[in-house]
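Trainee:
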Amino acid sequence: MLRVARPKGTIVVIDEGLSPNVRKTERGMSIIKANSLFGARPPLEYIPEKAKDVELEYIYNGTFYQLVFRK
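Under this note's numbering, the residue at position 63 of the sequence shown is numbered 554, and the numbers go up by one with no gaps.
1. By the DSSP assignment, the alpha helix (DSSP H) with R514 in it spans what residues?
2. Looking at the strands, I want to know which residues DSSP matches up with K543.
3. Return yes when the Cβ of I502 is within less than 7 Å of the Cβ of A496, no when it is not.
4. Is the CB-CB distance between G553 and S510 below 7 Å?
5. Among residues of its own chain, excluding the 5 on either side of A531, which ones have a beta-carbon nearer than 8 Å to its beta-carbon?
What follows is the structure in structure tokens.
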């Protein structure tokens with residue numbers, strides 16, 4: 492994504508994945524049991540070193556993560 496983004500372009504990635512706080516609760520465990528995709532963690536290790544202003548935020552009551560970074 493970074494390769495094809497315009498200079499100073501912004502990349503936004505949103506996917507299911509419970510926040511660390513929600514994951515520990517009874518609600519979180521039942522969500523993961525019903526749909527294992529919510530057990531996914533943000534792929535921070537795959538963000539290119541050249542990415543700037545990397546931000547991670549959990550949205551929708553901690554059930555989705557949002558990664559934002561710039562080229």
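Ideal Cβ placement from N, Cα and C applies to all residues, glycine included.
Mentor: According to the structure shown:
1. P511 to R514
2. R561
3. yes
4. yes
5. D506, E507 and G508
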